[in-house]
Amino acid sequence: MAKRLQAQRLDGIDYSPRVEFVQLASEEADVVNLGQGFPDFSPPEFAVEAFQHAVSGDFMLNQYTKAFGYPPLTKILANFFGKLLGQEIDPLKNVLVTVGAYGALFTAFQALVDEGDEVIIIEPFFDCYEPMTLMAGGRPVFVSLKPSPTQKGEPDSSSNWQLDPTELASKFTSRTKAFILNTPNNPLGKVFSKEELELVASLCQQHDVVCISDEVYQWMVFDGFQHISIASLPGMWERTLTIGSAGKTFSVTGWKVGWVLGPDSLMKHLRTVHQNSIYHCATQGQAAVAQSFEREQLHFGRPSSYFVQLPQYIQRCRDHMIQSLQSMGFRPVIPQGSYFLITDISDFKNKMPDLPGAAGEPYDRRFVKWMIKNKDESTLRAMDQKLQKWKAELTP
Ligand SMILES: Cc1ncc(COP(=O)(O)O)c(C=O)c1O
28 MAKRLQAQRL
38 DGIDYSPRVE
48 FVQLASEEAD
58 VVNLGQGFPD
68 FSPPEFAVEA
78 FQHAVSGDFM
88 LNQYTKAFGY
98 PPLTKILANF
108 FGKLLGQEID
118 PLKNVLVTVG
128 AYGALFTAFQ
138 ALVDEGDEVI
148 IIEPFFDCYE
158 PMTLMAGGRP
168 VFVSLKPSPT
178 QKGEPDSSSN
188 WQLDPTELAS
198 KFTSRTKAFI
208 LNTPNNPLGK
218 VFSKEELELV
228 ASLCQQHDVV
238 CISDEVYQWM
248 VFDGFQHISI
258 ASLPGMWERT
268 LTIGSAGKTF
278 SVTGWKVGWV
288 LGPDSLMKHL
298 RTVHQNSIYH
308 CATQGQAAVA
318 QSFEREQLHF
328 GRPSSYFVQL
338 PQYIQRCRDH
348 MIQSLQSMGF
358 RPVIPQGSYF
368 LITDISDFKN
378 KMPDLPGAAG
388 EPYDRRFVKW
398 MIKNKDESTL
408 RAMDQKLQKW
418 KAELTP
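Counting in our numbering, the sequence shown runs from 28 upward without gaps.
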């Protein structure tokens, strides 16, 4: 065709590092793919049973359900999160079920961000926030978390990475429409403190800005840190969309059930996008998530709760990985939440400054590609072995 095919809104957003690296990893046998946020362990039995029940039980669960969410799911989400957020949540007006948290984010950007609107994004960030802003016609405005210096020999921690209040305030203008918060943060693992959230909240209120709060890792918080939803702070429910993911909550990322909670004044616009795009999400997955939340509500706060057990397990994995990386001479930034951690590779770079790659390609991308090509087995144990092997190779 001679005509230009792609819509202009796709300009500049066709590259995705995630797509590139997942593709590279899949081309190589037995690669250790630790780059994508999904579990390599079984979901809890109660969730699997709930899905089996949804598939083999009531035959009507094979059919469409309510457009904005399967009623038992919107009801339990309203009830469960209503208590956490200190809000009376109406399942019909304040809850929308989406195709994963990704769907929730996309719906929110499409519903609220207009041509020329500015959207503040905290760096480092989950990669889709920028293209979603651009696709909606908005302009991303970045503000970075910066590490404070650590004592020599002391490991870095994600809580050392902070926003500079003056710089943050300077990013808010009359064009700012939305602020994207992600706590616990992907990829740093930072859990924002109450003081940090209060600062964001006061700026959002002062400049009449909507806060899109991606809280998919809310149950994965370590070392006694506490997740706080910004919507629970005074004056914030009215201007916040709180986004969650059953995938991350119950370790079932393939189910792709997500949700948004918020005031009707915002949610009605998300419903407009939803009813003109997805219309409704898979019923059986929603039924299984509803039943899983009902189970969790009974066990909430007790040792038998998955929301108690999951972070303990992930924290053990985190500690294992930190040890592996440290034993190799890397300097990981210890995360206080999420599946992720980032690591300082500058010592490695000093030893191997010339990894293969395209001209101008940043060193960290070259490093990841090099890791993918130099793979071994696909478990944490394999990573240990690989790291130890590299260490031996690197020792002069
Ligand atoms: C911060 C963050 N938000 C949203 C998502 C998407 O979640 P879902 O799988 O429910 O679409 C992810 C997935 O990696 C994520 O890391």
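Backbone N, C-alpha and C define an ideal beta-carbon position, used for all residues, glycine too.
Nearest-angstrom beta carbon gap, residue j and residue i [assumed within contact, 8 Å]
i      : j      : result
Lys249 : Arg345 : One point to set straight first is that residue 249 is Phe, not Lys, in the sequence displayed. About 7 Å separates the two Cβ atoms, so the contact holds.
Arg298 : Leu123 : 6 Å
Thr92  : Gln313 : 7 Å
Pro192 : Leu226 : 6 Å
Ile305 : Gly130 : 7 Å
Ser331 : Asn213 : Their Cβ separation, rounded to whole angstroms, is 28 Å, which puts Ser331 and Asn213 out of contact at 8 Å.
Phe320 : Leu172 : 32 Å between Cβ atoms; not a contact.
Val360 : Phe48  : No, Val360 and Phe48 are not in contact; Cβ-Cβ is about 20 Å, not under 8 Å.
Val284 : Ala273 : 4 Å
Asn121 : Gly262 : With 8 Å as the limit, Asn121 and Gly262 do not qualify as a contact, their Cβ atoms being about 17 Å apart.
Thr280 : Phe65  : 4 Å
Ile147 : Lys198 : 5 Å
Leu139 : Val237 : 6 Å
Leu260 : Leu224 : 6 Å
Thr310 : Gln90  : 7 Å
Residue i beta carbon near ligand 1 (any heavy atom closer than 8 Å)
i      : result
Ser272 : yes
Ala205 : no
Ala128 : yes
Thr27  : No answer is possible for residue 27: it lies beyond the span of the chain, which begins at 28 and ends at 423.
Asn60  : no
Thr134 : no
Thr280 : yes
Gly328 : no
Asp241 : yes
Lys275 : yes
Glu153 : A small fix is needed here, since residue 153 is Phe in this sequence, not Glu. At least one heavy atom of ligand 1 is nearer than 8 Å to the Cβ of Phe153, so yes.
Gly96  : no
Gly216 : no
Asn121 : no
Lys198 : no
Tyr42  : no
Asn377 : no
Gly285 : yes
Asn209 : yes
Tyr91  : no
Tyr244 : yes
Asn106 : no
Asn213 : yes
Extent of the continuous beta strand (DSSP E) run through residue i
i      : result
Gly127 : Element bounds for Gly127: not the beta strand (DSSP E) but the alpha helix (DSSP H), Gly127 to Leu139.
Gly285 : Val284 to Leu288
Leu104 : From DSSP, Leu104 is part of no beta strand (DSSP E) but of the alpha helix (DSSP H) over Pro98 to Leu112.
Residue range of the alpha helix (DSSP H) that includes residue i
i      : result
Ser83  : Glu72 to Ser83
Arg31  : No alpha helix (DSSP H) contains Arg31, which DSSP labels as neither H nor E.
Ala258 : Neither: Ala258 is in no alpha helix (DSSP H) and is coded neither H nor E.
Lys217 : Taken as a continuous stretch (DSSP letters only), Lys217 belongs to no alpha helix (DSSP H), as it is neither H nor E.
Leu88  : Careful: Leu88 lies outside any alpha helix (DSSP H) and carries neither H nor E.
Gln50  : Pro44 to Glu54
Lys93  : No alpha helix (DSSP H) holds Lys93; DSSP gives it neither H nor E.
Pro431 : The requested residue 431 is not part of the displayed model; the chain covers only 28 to 423.
Ala273 : Ala273 to Thr276
For residue i, the residue or residues it bridges with in DSSP
i      : result
Leu268 : Ile239
Thr203 : Glu145
Glu150 : Ser171
Leu123 : Val287
Val248 : Gly364
Asn212 : According to DSSP, which records beta bridges pairwise, Asn212 is partnered with nothing at all.
Neighbour flag for residue i against chain D, beta carbons, 9 Å
i      : result
Ser351 : Absence of chain D from the displayed structure is noted, only one protein chain being present.
Residue i CB to nearest heavy atom of ligand 3 below 8 Å
i     : result
Met28 : Ligand 3 is absent from the structure shown, which contains only ligand 1.
*Go through the stretch 292-372 residue by residue and report every complete run of the alpha helix (DSSP H) that reaches 4 residues or more, in order.*
Taking only runs of at least 4 residues, the alpha helix (DSSP H) segments lying wholly in the stretch 292-372 are 310-326 and 333-354.
*At 3 residues or longer, and completely inside the stretch 164-200: list those beta strand (DSSP E) runs for me, N to C.*
166-171
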